[in-house]
Amino acid sequence: MHVVIVGTGPAGVSAALYARRGGADVTVVAKDDGALSAVDRIENYYGFEEPISGAELLHRGSEGARRLGVVFERDEVVGFAMPPEGNGYIVVGRRRSYEADALILAAGAQRAGLPVAGIRAFEGHGVSSCAVCDAFFYRGRHVAVIGAGAYAQHEAQILLPHAARVTLLTNGTAPEVSFPPAVTVDTRRLLRVEGERRVERVVFADETSLDVDGVFLAVGVAGSTALAQKLGVRLDGSRIAVDAHMATNVPHVYAAGDCTGGLLQIAKAVYEGAQAGLSAVKTA
23 MHVVIVGTGP AGVSAALYAR RGGADVTVVA KDDGALSAVD RIENYYGFEE PISGAELLHR
83 GSEGARRLGV VFERDEVVGF AMPPEGNGYI VVGRRRSYEA DALILAAGAQ RAGLPVAGIR
143 AFEGHGVSSC AVCDAFFYRG RHVAVIGAGA YAQHEAQILL PHAARVTLLT NGTAPEVSFP
203 PAVTVDTRRL LRVEGERRVE RVVFADETSL DVDGVFLAVG VAGSTALAQK LGVRLDGSRI
263 AVDAHMATNV PHVYAAGDCT GGLLQIAKAV YEGAQAGLSA VKTA
């Protein structure tokens, strides 16, 4: 069996170690090493007499996993698909796709919301974080995607067959990737989102506006929560809901680390990753 893990932090690597030792082929996919790589000193983790940097801890963990045969791929996960035969999952990356019998989401906690007035107020009322979930509701409408990278590109491509018009709002930055010609690109900085009961328009910093029926958030890299929504995984607020075995409500999909809430510490992430890795092998 093949287990694909999204996220290369302590939870993801711990999951990889236990799944690999359980007999699975394991691939860890992540665009980068995440927030821990920027931590200068870690002094509260078992086994180290002297402080260690986050980057060094991540390096030691991944090298240990590679020694056991875990494969690491530098790629940005943007979504999922179902294989033609209907068994397992296809993890869609920017560079390529990866087939999996079981998935473990370990890409960290939900990212901070976009600091644009009205975004939070209209969540569920015209503001969405999941094109594959909500594109159907905007057929024949004008929608906007906020973002500039591969994640935004993926969301726009999902929306194009449904919406009458798709506009990319980069919020003052240049697009990082190429977008389909059918997508209108607007690089003006955003000020707020407005409407009565639902989103009706976005207002730019110069107080000009653009009428839209919906706004899809796709800023930066998709974290575990955003990816979970694409799979139909149940959320508890901003965290992924899991049972004692780190299983979600979706068969053969597990989650571990900061994305499940609770104590946001390396020790907790390592434990949950180990449990997720073991569970994935036992139940797939």
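In the numbering used here, the protein residues as written are 23 to 306.
Glycine residues also receive a C-beta, built at the ideal position from the N, C-alpha and C atoms.
Check	Outcome
Shortest alpha-carbon distance to Val138 belongs to which of Ala298, Gly194, Val92, Arg116?	Gly194
Does the distance from the CB of Ser84 to the CB of Val50 come in under 9 Å?	yes
Straight-line CA distance for His81 to Ser200?	32 Å
Find out if the Cβ-Cβ distance for the pair Ala186, Gly162 is shorter than 9 Å.	yes
Am I right that Arg116 and Ala52 are in contact with their C-beta atoms under 8 Å? What's the rounded C-beta distance?	Not confirmed; about 12 Å, so no contact.
Pick out whichever of Arg256, Phe144, Asp208 has its Cα sitting closest to the Cα of Val167.	Asp208
Excluding sequence positions up to five away, which residues of its chain have a Cβ less than 6 Å from the Cβ of Leu39?	Ala87
For Glu294, does the count of other Cβ atoms within 10 angstroms reach 16, so buried, or fall short, so exposed?	buried
By the three-class DSSP mapping on this structure, what secondary structure does Val303 have?	helix
Under a three-way DSSP split, which group does Thr49 fall into?	strand
Going by the DSSP bridge assignment, what does Tyr276 pair with across the sheet?	Ile126, Ala269
Would you be able to state if there are at least three C-beta pairs under 8 Å between the segment 26 to 36 and the segment 278 to 291?	yes
Report yes if the C-beta distance between Leu6 and Tyr160 is below 9 Å; otherwise report no.	Missing from the structure shown is residue 6; the chain here goes from 23 to 306 and no further.
Identify whether Gly44 lies in helix, strand or coil by the three-state DSSP scheme.	coil
Roughly how far, in whole angstroms, is the beta-carbon of Ala231 from the beta-carbon of Met268, given that I think they are within contact range, below 8 Å?	Looking at the sequence itself, residue 231 is Ser, so the reference to Ala does not match. Incorrect: roughly 45 Å between the Cβ atoms, too far for contact.
So, helix, strand or coil for His184, using DSSP?	coil
Does DSSP classify Val113 as helix, strand or coil?	strand
Return the chain-ordered ranges of every alpha helix (DSSP H) run that is complete within the segment 130 to 203 and spans a minimum of 4 residues.	153 to 156, 172 to 181
Just tell me which of Ala248, Glu72, His164 has its CA closest to the CA of Ala204.	His164
Since Leu249 contacts Val99 with CB under 8 Å, what's their CB separation in whole angstroms?	6 Å
Going by C-alpha to C-alpha distance, which of Gln297, Val292, Thr305, Ile288 sits closest to Asn66?	Ile288
Excluding sequence positions up to five away, which residues of its chain have a Cβ less than 6 Å from the Cβ of Val303?	Ala41, Gly44, Ala46
Where does Ser150 land, buried or exposed, given buried means 16+ other C-beta within 10 angstroms?	buried
Rounded to whole angstroms, what's the CA-CA distance from Ser75 to Gly69? Just pull it up for me.	14 Å
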